[in-house]
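> Chains as they are written, first to last, in the numbering used here: chain A, 1402 to 1908; chain B, 20 to 186.
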Amino acid sequence: MQFLADFLPAGIAMHAPALIVVIPLIMAALAALMPNGRVAWTVALVTAAIVALLSLNLLGQVVSEGVLSYHMGGWAPPLGIEYRVDMLNIPLLLLVGIVGFLCVIYGLPSVGDEIAENKQALFYSAFLVCFAGLLGVTITGDAFNVFVFLEISSIATYTIIAMGAGKDRRALTASYNYLVLGTIGATFFVIGVGFLYMATGTLNMADMAAILEENGHNRVTQAAFAFIVVGLGLKAAMFPLHVWLPNAYAFAPNFVTAFLASTATKVAFYALIRFLFSVFHPDVSFVEMSFVWLFAVVGTIAMVVASLQAVFQTDARRLLAYSSVAQVGYMMLGLGMGTASGLSAGLLHLMNHALMKGALFMALGAFALNFGVRRVKDLAGMSKTMPASAMAFTIAGLSLVGVPLTVGFTSKWYLVTAALERGWWWAVAALMLSSLLALAYVARLLSAIWMDSPPTHHGELTQRRLAPWMVLIPMSVLALANVYFFFHADPLVWLARSAAEAVMGGN
Amino acid sequence: MLEILAERFNYIPIIILMMIGLYVVIATGNLVKRLVGLSLFQTSVFLLYITIGKVFGGAPPILADYKADDGYGHGGDGDAAYAAAGDHAAPAVDQVAEHATEAAAQTAEVLYSNPLPHVLILTAIVVGVATLAVGLALVVRIRESYGTIEDDALNAADYSLETGSAE
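(1) Checking contacts by CB at 8 angstroms: is Thr142/B closer than that to chain A?
(2) What is the DSSP secondary structure of Gly92/B, reduced to helix, strand or coil?
(3) Can a CB atom of chain A be found closer than 8 angstroms to the CB of Tyr131/B?
(4) Span of the beta strand (DSSP E) holding Glu1483/A?
(5) For the region 1648-1656 of chain A against the region 1604-1617 of chain A, are there 3 or more C-beta pairs whose distance is under 8 angstroms?
(6) Alpha carbon to alpha carbon, how far is Val1486/A from Ala1533/A?
(7) Determine whether the Cβ of Leu57/B lies closer than 8 angstroms to any Cβ atom of chain A.
(8) On the DSSP bridge list, what partners appear for Arg1776/A?
(9) Assign Leu1489/A to one of three DSSP states: helix, strand, or coil.
(10) Any idea if Gly1583/A is buried or exposed, counting beta-carbon neighbours within 10 angstroms, 16 or more meaning buried?
(11) With 16 other CB atoms within 10 Å as the buried threshold, where does Arg1571/A fall?
(12) Drop a sphere of 10 angstroms on the beta-carbon of Met1852/A, count the other beta-carbons inside from all chains shown, and report buried for 16 or more, exposed for fewer.
(13) Following the continuous beta strand (DSSP E) through Tyr1471/A, name the residue where it begins and the one where it ends.
(14) Tell me where the alpha helix (DSSP H) around Arg1620/A begins and ends.
(15) Given Glu117/B, which residues of its chain have a CB within under 7 angstroms of its CB, disregarding the five upstream and five downstream residues?
(16) Quick check: the region 1530-1544 of chain A against the region 1421-1432 of chain A, are at least 3 beta-carbon pairs closer than 8 angstroms?
(17) Measure the alpha-carbon distance for Trp1814/A versus Ala1831/A and round it to whole angstroms.
(18) So which residues of chain A does Phe187/B contact, with C-beta pairs closer than 9 angstroms?
(19) Give a yes or no on whether the C-beta atoms belonging to Ser164/B and Pro80/B are separated by under 8 angstroms.
(20) What is the rounded straight-line gap between the Cα of Ala1764/A and the Cα of Ser1790/A?
(21) Please state the DSSP three-state secondary structure of Ala1868/A.
(22) Just the C-alpha distance for Gly1498/A and Ala1557/A, rounded to the nearest angstrom, thanks.
(23) Report the three-state DSSP secondary structure of Asn29/B (helix, strand or coil).
(24) Going by the beta-carbon positions, is the gap between Ala1890/A and Met1488/A smaller than 8 angstroms?
(25) For the region 38-56 of chain B, which residues have a CB atom closer than 7 angstroms to at least one CB atom of chain A, in sequence order?
(26) Report buried or exposed for His1859/A, applying the criterion of at least 16 other Cβ atoms within 10 angstroms of its Cβ.
(27) Within 10 angstroms of the Cβ of Trp1694/A, are there 16 or more other Cβ atoms? Answer buried if so, exposed if not.
(28) By the three-class DSSP mapping on this structure, what secondary structure does Thr1857/A have?
(29) If you draw a straight line from the C-alpha of Val148/B to the C-alpha of Ala1419/A, how long is it?
(30) Check for me: the alpha helix (DSSP H) holding Met1690/A runs from which residue to which?
(31) Quick check on Gly94/B - is its C-beta less than 8 angstroms from some C-beta in chain A?
(32) If you draw a straight line from the C-alpha of Leu1893/A to the C-alpha of Ala1901/A, how long is it?
(33) Among the residues of its own chain, which have a CB less than 7 angstroms from the CB of Leu1493/A, if the five just before and after it don't count?
(34) Can you list, in chain order, the residues of its chain with a C-beta nearer than 7 angstroms to that of Asn1616/A? Leave out the 5 residues immediately preceding and following it.
(35) Alpha carbon to alpha carbon, how far is Ala1820/A from Ile161/B? Give it in angstroms, no decimals.
(36) Could you give the DSSP three-state label for Thr1448/A: helix, strand or coil?
Printed below as a string of structure tokens:
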């Protein structure tokens, strides 16, 4: 790990926590000024590469030196804004950085196909703002700063989702609905932060935790807790608050869906974990109660109901979007166990799910790029017309079900183990049921791809068409990562476990 | 009960505004009116923050021994003007240097209002304006492509598209 901490010059490494947010923001302004989409894409690619390198460097620094605390502008916390990197948020930074980089590579052909040429530069600019916002939410140690970055990323997200209107005008209504619900969520969150500020007089999360521990909890902090859970739950698409997600994912440009599905809800979920475990303490009675009666129960319902809804979708991307809601349910269940092993299983599933959904949405994007298909039955015969993309889709799809030899199996295994440790047999049963339902909807997609014959045009079979290599490479990397991390599960398991231990103190 | 309400009278209009805003978002089918409700909802939260910052008997938070280079010079012109207009006890900003130590001794006992919520809310207002702008831009685009901004009509248009293309 030491080489990761050392590969950047000391001056840059020292300011890495600030640079990882500031560089995408500055580059966003630069990208907006670019004359055409290709140049703007280069700016986005360079930015994403820099961010990925910085996140690797931060990983090295955290492992060798412990928690990093960066004082923004030289003002010491709790008065100044603190950027704080510890074992809990480093996996998320790596995820956003590396998956973001892969998504940007994928973006050039996909965006070129879906977005009007004169809007591409602005599109990449909005994407970079969203990217910076997600990184900011992850890295900041200041509660109000979380709100600001959450809204920076969300507002940019609304615009890039609406850019799907070139292909389907329903992207506009999807984006509008997301805007209304997302803003309600953010406002709930900021009410909660306001209550916490009333109770503690500080906005620094570590300081807040210390004061709450000393002063104890009262009605104000309980109200704050409820508002924060609902607010972040909306952003993370936790089950009954997920209604914005299926349409937003189904009608956004493919590049946006691939990126958001593997990062945005994950980051909101991280923020929720940060508040539940770091600011509030899991031993506090009402927090503990919410684990069992809110997160575990609602998570279980989400796993079953959202999977069931996914089975009956006709639109392939909306099918996977409902599956995403179900997968958030798995993470909620892991979190709801309230044990270090449960939380680490949830975090492991969070990372693995990003790998699966990234590859799946990229493959659907590749199908859409070559043949303009989006419905499940239109995927017929893709194994013959686009074998490489179909293969990647199949691997990631099996991983989503949790078939052995894929990471989906690893994280479900850890979830089941954690549930058994807790003695929750019903959770294991729900996991099995949900996996069967996942098998049902993935089988619908796979049977269309592998069993059906390609459509004919004037009596001729559709020709085989290779997806552009810039689509194939990031997609294959993600799909192969699904297999690789089954055989070499240690890095991800280690990340998830040390993240859980960092907030739980290990037990 | 009445006493509890009277002690917290500042929260009552905030809660009323908040509920009206949220109700409008849920109840109306008109996309622009829904954004109006959303703004009302957000504004009520701004007021909540502002009311947290009030300290009874507190002076405007301007340091009496103001020096340009000591790092406290970020108050902004608006606050300075407010202090000059609203608080006669506050010494002028360009106090001569020999009076500074004397003034500092005085300010040690002055009770200040909390300025931080105001600063936070400046940021939140910007966020609110940006959200409203994006929302209205979306409504314009929706109007252009659907010809309506009523929720029912939009749903009907989308539904017919879905059932039409399903076969």
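Cβ atoms here follow ideal geometry from the backbone N, Cα and C, with glycine treated the same way.
Predicted model, so just to flag it, every value in this text is computed and none were measured.
On the basis of the data shown:
(1) With a threshold of 8 angstroms between beta carbons, Thr142/B makes contact with chain A.
(2) Confidence at Gly92/B is low in this model, with a pLDDT of 43, below 50, so the placement of that residue should be treated as unreliable; the coordinate-derived value is given next. Residue state, collapsed to three classes: coil.
(3) The beta carbon of Tyr131/B does not come within 8 angstroms of any beta carbon belonging to chain A, so the residue lies off that interface.
(4) Start and end: 1483-1486.
(5) Note that the region 1648-1656 of chain A does not touch the region 1604-1617 of chain A; fewer than 3 beta-carbon pairs, one per stretch, sit closer than 8 angstroms.
(6) Taking the CA atoms as reference points, Val1486/A sits about 16 angstroms from Ala1533/A.
(7) At a cut-off of 8 angstroms between C-beta atoms, Leu57/B counts as an interface residue with respect to chain A.
(8) Asp1716/A, per the DSSP bridge assignment.
(9) Here Leu1489/A sits in coil by DSSP.
(10) It counts as buried.
(11) Buried: at least 16 other Cβ atoms inside 10 Å.
(12) With a 10 Å radius around the Cβ and a threshold of 16 neighbouring Cβ atoms, Met1852/A comes out exposed.
(13) Element bounds for Tyr1471/A: 1469-1472.
(14) Where Arg1620/A is concerned, the enclosing alpha helix (DSSP H) stretches over 1620-1637.
(15) Here Glu117/B scores only 47 on pLDDT, less than 50, and its place in the model should not be relied on; the value that follows carries that caveat. Around Glu117/B: no qualifying Cβ.
(16) Contact between the region 1421-1432 of chain A and the region 1530-1544 of chain A is established, with three or more Cβ pairs separated by less than 8 angstroms.
(17) Computed Cα separation, rounded: 14 angstroms.
(18) Examination of residue 187/B is not possible in this model, given that chain B is present from 20 through 186 alone.
(19) No, the pair does not count as a contact, with Cβ atoms beyond the cut-off.
(20) If I take the Cα positions, the gap works out to 6 angstroms.
(21) In the structure shown, Ala1868/A sits in coil (DSSP, three-state: anything other than H, G, I, E or B).
(22) When only Cα atoms are considered, Gly1498/A and Ala1557/A end up about 17 angstroms apart.
(23) Look at Asn29/B here: in three-state DSSP terms it is coil, with no helix or strand label.
(24) In this structure, Met1488/A does not lie closer than 8 angstroms to Ala1890/A by Cβ.
(25) Answer in chain order: Val44, Leu50, Arg53.
(26) By the C-beta density criterion, His1859/A is exposed, having fewer than 16 other C-beta atoms within 10 angstroms.
(27) Under this definition Trp1694/A is an exposed residue.
(28) In the structure shown, Thr1857/A sits in a strand (DSSP, three-state: E or B).
(29) Between Val148/B and Ala1419/A, the alpha-carbon positions lie close to 26 angstroms from each other.
(30) 1686-1691 is the extent of the alpha helix (DSSP H) around Met1690/A.
(31) Note that Gly94/B has pLDDT 43, beneath the 50 cutoff, so the model's placement of it is unreliable and no number is given.
(32) Rounded to whole angstroms, Leu1893/A to Ala1901/A spans 12 angstroms at the Cα level.
(33) Only Thr1539, Lys1667, Val1668, Tyr1671 meet the Cβ criterion.
(34) Cβ neighbours of Asn1616/A beyond the five flanking positions: none.
(35) Each residue's Cα considered, the two are about 47 angstroms apart.
(36) Helix, per DSSP.
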